[in-house]
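Have a look at the structure below before the remarks.
Protein chains: 2
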Amino acid sequence: MNIGDVARRSGLPAKTIRYYEDIGFIKPRRGANGYRYFDEKELHKLAFIGRARSLGFTIEDCRTLLALYEDEDRASADVKRVAKQNLAEIDAKIADLQAMRATLSHLIAECAGDHRPDCPILDDLAKC
Amino acid sequence: MNIGDVARRSGLPAKTIRYYEDIGFIKPRRGANGYRYFDEKELHKLAFIGRARSLGFTIEDCRTLLALYEDEDRASADVKRVAKQNLAEIDAKIADLQAMRATLSHLIAECAGDHRPDCPILDDLAKC
DNA sequence: ATAATGGTTCCAGTAGGTGGAAGGTCAAGG
DNA sequence: CCTTGACCTTCCACCTACTGGAACCATTAT
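For the record, the sequence lines run as chains X and E.
Just so you know, our numbering puts the end of the first sequence at 128, numbered straight through with nothing missing.
Just so you know, our numbering puts the end of the second sequence at 256, numbered straight through with nothing missing.
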């Protein structure tokens, strides 16, 4: 498979796949013309990374998860630990965003949103 | 005031204040020794930006909001529009994160988390 | 032969700062 | 007067995870 096929099948942009090669996730062979050639295993790895990324795992998490995935003797506890850590980070981000959301939607509700200059949103931002 | 005083009073790191000067938010005068000198108005502006940033507004949003703040003839509708746009982005992020969270916490619940290698988390990531 | 498509490398830029080096300045204490 | 330590300066690099674009080579279809 060429990179375009892998891109289509994995759902990742070709640029991202090249980037993932740069940072060492995959090492596709090269054809005589210099083109990358991917086998099913590499496609699989890329899809794995793509799915992990979409669940909010960082690139470093992906390295760990891939290593665990390829380690037949892994303990599921190790995977669970990484996943729980990620969950905690997701929860922290949600909490942050919800706090912002609460403040902001309160301010929006208070703002008349008309032609006049008086604005509780600006008042709040400016308050010392 | 020197930059350290402003940092303490605004809650922003001195590095960030220098950065905000670089990108044109403030233009503090300089003393004979080259030190930046800040007046109350600049402190105020920095605090305004800090608060806006903590509510999730981008730097570009901050530029808009500051301009509105300094425009006596603004319409509160303009401020409200920026705020609503930001709220929509926050909501989109929360929704994304909650979708991740749901999938991930489901997988975590299914994983035994022991010494055995079987792991529904990896199975899910690997599934084509 | 040519055009469209797809591949390659490399460099730069994104957002919003943060870290660190190398060096100038100022106030207080011995 | 000198030193120490806290502050200040600039500049350059680095962070995450890509993304865009230029310049160029290869393949395929017409």
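C-beta: ideal position from N, C-alpha, C; glycine also.
Annotation: the region 46-106 of chain X contains the following complete segments of the alpha helix (DSSP H) (minimum length 4 residues), in chain order: 59-70.
Using a Cβ-Cβ cut-off of 8 Å, residue 129 of chain E does not count as an interface residue toward chain X, since no Cβ of chain X sits closer than that to its own. With a cutoff of 8 Å on beta-carbon distance, residue 218 of chain E and residue 100 of chain X are scored as near each other. With 16 or more other Cβ atoms inside 10 Å of its own Cβ, residue 164 of chain E counts as buried.
Listed along chain X, the residues sitting closer than 7 Å to residue 207 of chain E by beta-carbon distance are 111, 119, 121 and 122.
Looking at the backbone, the Cα of residue 116 of chain X and that of residue 110 of chain X are separated by about 14 Å. Taking residue 30 of chain X as the centre and dropping the five residues before and after it, the same chain places the C-beta of 36 and 37 closer than 8 Å to its C-beta, in chain order. Nearest CB-CB separation between residue 20 of chain X and chain E: not below the 8 Å threshold.
For residue 113 of chain X and residue 176 of chain E, the gap between their C-alpha atoms comes out near 20 Å. Judged by DSSP secondary structure, residue 15 of chain X falls within the alpha helix (DSSP H) whose first and last residues are 14-22.
Collapsing the DSSP output to three states places residue 30 of chain X in a strand. Close partners of residue 226 of chain E in chain X (Cβ separation under 9 Å): 90 and 94. In the three-state DSSP reduction, residue 116 of chain X falls in the coil class, being neither helix nor strand. With its beta carbon less than 8 Å from one in chain X, residue 200 of chain E belongs to the interface. From the beta-carbon of residue 176 of chain E, the residues of chain X found nearer than 8 Å are 125 and 126. Taking a Cβ-Cβ threshold of 7 Å, none of the residues of chain E is close to residue 31 of chain X; the smallest such distance is about 25 Å. Per the DSSP secondary-structure output, residue 164 of chain E pairs in a beta bridge with E/158.
Annotation for residue 132 of chain E: the continuous alpha helix (DSSP H) segment containing it runs 131-138.
The beta carbons of residue 211 of chain E and residue 104 of chain X sit about 6 Å from each other, so the pair counts as a contact at 8 Å. Inclusion of residue 125 of chain X and residue 180 of chain E in the CB contact set at 8 Å is warranted, their separation being smaller than that value.
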